[in-house]
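Trainee: Just so we're aligned: 178 in this note's numbering is position 130 of the sequence shown, and the numbers increase by one with no gaps anywhere. Attaching a single structure in structure tokens format; questions to follow.
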Amino acid sequence: YAAASNSSSQEILEKKIPTLVEQIGDAMKKLYQLGGRKFVIYNTGPLGYLPLISQRKEFFNTVARAFNKHLRLLSLKLRSQMTNAMIIYGDMYGIKLDLITKYRQYGFKTATVPCKVSPGIECGSIFWDEAHYSDAANKLVASKLWTGDHLSFNTSIRDLCNILI
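Structure representation (structure tokens):
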């Protein structure tokens, strides 16, 4: 959105992001009113590392961090308002940044060159194409979220699935 927008950087950071996060909060409140009681909110990853982004990388990471800050505050606010709900906040930014900066430790050959092969074929890259993570990278991310790594409020997604509310 930030790339396609005619908005200034300041407007994106001060107006667009808070408005978007408010809309997410409104949608979650509606789901709660309809009976939803288990929620996982996860932030966005480091957008500036996507192969698609060739210019203004730090700007995109700044936008992502600003969005994530607002989303984290929303998760805290909703936890206090939706007292019968279980809300977990996942740090996708932290997980993916760790994956990208330590890609060799995770068994990848490259962190920035996309595969561009058929899904399911291992290629050694974190990215499948210019904007999407590979199956292998997504499995690692899902595993971390499932077990509670990079989640707040001391509950894993696995635990959330087993909690009766």
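C-beta: ideal position from N, C-alpha, C; glycine also.
Buried or exposed: residue 74, going by 16 or more other Cβ atoms within 10 Å of its Cβ?
Mentor: With fewer than 16 other Cβ atoms within 10 Å, it is exposed.
Trainee: Hey, how far is the Cα of residue 82 from the Cα of residue 128?
Mentor: Roughly 18 Å between the two C-alpha positions.
Trainee: Apart from the five residues just before and just after residue 206, which ones in its own chain have a Cβ nearer than 7 Å to its Cβ?
Mentor: Only 194, 195 meet the Cβ criterion.
Trainee: Under 7 Å Cβ to Cβ from residue 80, same chain only, skipping five residues before and after it: list those, please.
Mentor: 130, 133.
Trainee: Assign residue 124 to one of two classes, buried (16 or more other C-beta atoms within 10 Å of its C-beta) or exposed (fewer than that).
Mentor: Exposed is the call here.
Trainee: Does the stretch 183-191 come close enough to the stretch 104-113 that 3 or more CB-CB pairs lie under 8 Å?
Mentor: No contact exists between the stretch 104-113 and the stretch 183-191.
Trainee: Using the rule of at least 16 other Cβ atoms within 10 Å of the residue's Cβ for burial, across every protein chain shown, is residue 150 buried or exposed?
Mentor: Residue 150 is exposed by the Cβ-count criterion.
Trainee: Look up residue 173 in the DSSP assignment and give the residues it is bridged to.
Mentor: The partner list for residue 173 (beta bridge, DSSP) reads 158.
Trainee: Nearest-angstrom Cα distance between residue 171 and residue 162?
Mentor: Spanning the two alpha carbons is a distance of roughly 9 Å.
Trainee: Excluding the 5 residues flanking residue 204 on each side, which residues of the same chain have their C-beta closer than 7 Å to its C-beta?
Mentor: Contacts found: 194, 195, 196.
Trainee: Over the uninterrupted alpha helix (DSSP H) stretch that includes residue 101, give me the two end residues.
Mentor: Element bounds for residue 101: n/a, residue is neither H nor E.
Trainee: Alpha carbon to alpha carbon, what distance is there between residue 140 and residue 211?
Mentor: Whole-angstrom Cα-Cα distance: 23 Å.
Trainee: Going by the C-beta, is residue 83 closer than 7 Å to any heavy atom of the ligand GDP?
Mentor: Within the structure as shown, the ligand GDP is missing, as the structure has no ligands at all.
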